[in-house]
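Numbering (this note's numbering), first residue to last: 11 to 297.
In C-alpha cells:
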C-alpha cells in the first residue's frame with residue numbers, strides 16, 4: 011500500500027521544526043519511522059504534513075553532565091548500544107535494546123521516537139521509568155521539563171502539545187557498582203513484550219540500600235513497583251527477599267488483549283521481577 015498524499019518538510023534546527031508544528035495542523039513528526047512508516051502505508055494515520063527530524067542539528071548524542079546522562083532525542087538505538095558512556099553508566103540500556111526488533115530496526119529507531127510513540131510494551135519507556143528520567147520539550151514559548159511519571163497521559167498519548175518537540179532525555183545514573191537486570195517475555199524475539207521488567211539495585215554490606223523496578227507491557231504505560239522497592243530497602247540481597255517483590259508484582263493492575271489475559275500478565279510479572287532482581291543481585295555482588 012501507499013500513503014495518502016502529504017507535504018514533506020525538512021527543517022534544520024529545533025526552532026524550525028517547532029515553527030512548522032505550530033503553523034501546520036495535522037502534522038506528524040518523522041523521528042525514526044519504524045512505527046510511522048507502516049502506519050502511513052496502511053493509512054492508519056493520514057497527516058497533511060510530515061516533518062522530518064533527520065537533519066535537525068543539536069538533538070542527538072550522549073553527554074555526561076553533573077552526574078546526569080543527557081541523551082538527544084534523535085539518538086539512534088544502535089548508537090545507544092555502542093556508546094561507551096551508556097555502557098559504563100547505564101549498562102541496562104544496551105542489554106534491554108537487544109530485545110528491540112532487529113539490528114535494521116535499531117539502526118533507524120530513535121529514543122525520542124520510542125518515547126513519543128509510547129507503546130506500553132516498548133523497552134525504552136520501561137527503562138526511563140526506572141531511571142526517573144526528565145524529558146525536555148521545546149515549543150513556541152520555550153522549553154519545559156517533564157518528569158517521566160507525568161509523561162504518559164493515556165494509552166500511547168504523551169504529555170506533549172501539538173506544537174512541541176521532544177529534544178532531550180536526562181537522568182541521574184546509579185553508582186558504578188550497582189546491579190542491573192532486564193527480563194522480557196515476547197511471543198518471539200523482536201516482538202513487543204508481553205511483559206518486560208527493568209531492575210536496578212544498590213547493596214551495602216549485603217543489604218539493599220536502593221532499588222528501582224519498572225514493568226512494561228502489563229498496563230497502558232510503564233508501572234513503577236514502588237511498594238516493592240520500599241519493601242526491599244534494608245533487606246538482605248537474596249532470593250527470599252526478591253520473592254517478596256515478585257509477590258507484590260503479581261498484584262499490579264494489568265490489561266488483557268487478544269494474546270493473553272490480565273491474570274497471565276500478573277503471574278508473568280512476578281516471575282520476571284524475581285529473575286531481573288536475581289540478575290541484578292548477582293551483578294552487584296560480583297562488582
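Every residue gets a Cβ at the ideal spot worked out from N, C-alpha and C, and that includes glycine.
Nothing here was measured: the structure is a model prediction, and the numbers come from that model.
Using the C-alpha atoms, what's the distance from residue j back to residue i?
i: residue 239; j: residue 265; result: 22 Å
i: residue 177; j: residue 250; result: 42 Å
i: residue 157; j: residue 169; result: 10 Å
i: residue 152; j: residue 223; result: 33 Å
i: residue 17; j: residue 55; result: 14 Å
i: residue 276; j: residue 230; result: 14 Å
i: residue 163; j: residue 284; result: 29 Å
i: residue 48; j: residue 267; result: 22 Å
i: residue 244; j: residue 108; result: 32 Å
i: residue 292; j: residue 140; result: 19 Å
Which residues in the same chain as residue i place their Cβ atom closer than 6 Å to its Cβ, once the five residues preceding and following it in sequence are excluded?
i: residue 116; result: 87, 88 and 110
i: residue 51; result: 11 and 13
i: residue 233; result: 225 and 262
i: residue 219; result: 212
i: residue 74; result: 95
i: residue 160; result: 169
i: residue 32; result: 150 and 173
i: residue 221; result: 211, 239 and 242
i: residue 76; result: none
Candidates the options: which alpha carbon is nearest residue i's?
i: residue 39; options: 274, 202, 271 and 173; result: 173
i: residue 72; options: 52, 42, 43 and 103; result: 103
i: residue 167; options: 125, 145, 184 and 194; result: 125
i: residue 273; options: 160, 228 and 255; result: 228
i: residue 175; options: 78, 83, 15 and 277; result: 83
i: residue 130; options: 242, 206 and 241; result: 206
i: residue 200; options: 114, 15 and 90; result: 114
i: residue 144; options: 81, 292 and 90; result: 81
i: residue 25; options: 147, 271, 244 and 292; result: 147
In its own chain, which residues sit with a C-beta less than 7 Å from the C-beta of residue i, not counting the 5 before and 5 after it?
i: residue 188; result: 210, 211, 212 and 294
i: residue 67; result: 22 and 23
i: residue 20; result: 62 and 65
i: residue 27; result: 21, 61, 63, 66 and 175
i: residue 237; result: 258
i: residue 43; result: 118
i: residue 85; result: 70, 71, 72, 120 and 121
i: residue 195; result: 203, 204, 205, 278 and 282
i: residue 185; result: 212
i: residue 97; result: 104
When you compare the CB positions of residue i and residue j, do they come within less than 8 Å of one another, or not?
i: residue 225; j: residue 259; result: yes
i: residue 5; j: residue 138; result: In the structure as shown, the chain begins at 11 and stops at 297. Residue 5 is therefore absent and cannot be evaluated.
i: residue 45; j: residue 127; result: yes
i: residue 35; j: residue 70; result: no
i: residue 100; j: residue 165; result: no
i: residue 149; j: residue 41; result: no
i: residue 136; j: residue 37; result: no
i: residue 217; j: residue 235; result: no
i: residue 197; j: residue 269; result: yes
If residue i sits next to residue j, beta carbons under 8 Å apart, how far is it from one beta carbon to the other, in whole angstroms?
i: residue 262; j: residue 279; result: 6 Å
i: residue 242; j: residue 256; result: Contact flag wrong, Cβ pair sits at about 11 Å.
i: residue 133; j: residue 106; result: 5 Å
i: residue 95; j: residue 78; result: About 11 Å; that fails the 8 Å criterion.
i: residue 181; j: residue 215; result: Not a contact, Cβ separation roughly 27 Å.
i: residue 193; j: residue 286; result: 4 Å
Please work out which residues of its chain come closer than 8 Å, Cβ to Cβ, to residue i, disregarding the five sequence neighbours upstream and downstream, and give them in chain order.
i: residue 288; result: 191, 249 and 252
i: residue 30; result: 19, 21, 37, 59 and 61
i: residue 53; result: 11, 13 and 14
i: residue 5; result: Any question about residue 5 goes unanswered here, given that the chain covers just 11 to 297.
i: residue 271; result: none
With a threshold of 7 Å (Cβ to nearest heavy atom), would residue i be considered close to the ligand ADP?
i: residue 288; result: This structure lacks the ligand ADP; in fact it carries no ligand of any kind.
Using a Cβ-Cβ distance under 8 Å, would residue i count as near chain D?
i: residue 56; result: The chain labelled as chain D is not found in the depicted structure, where only one protein chain is given.
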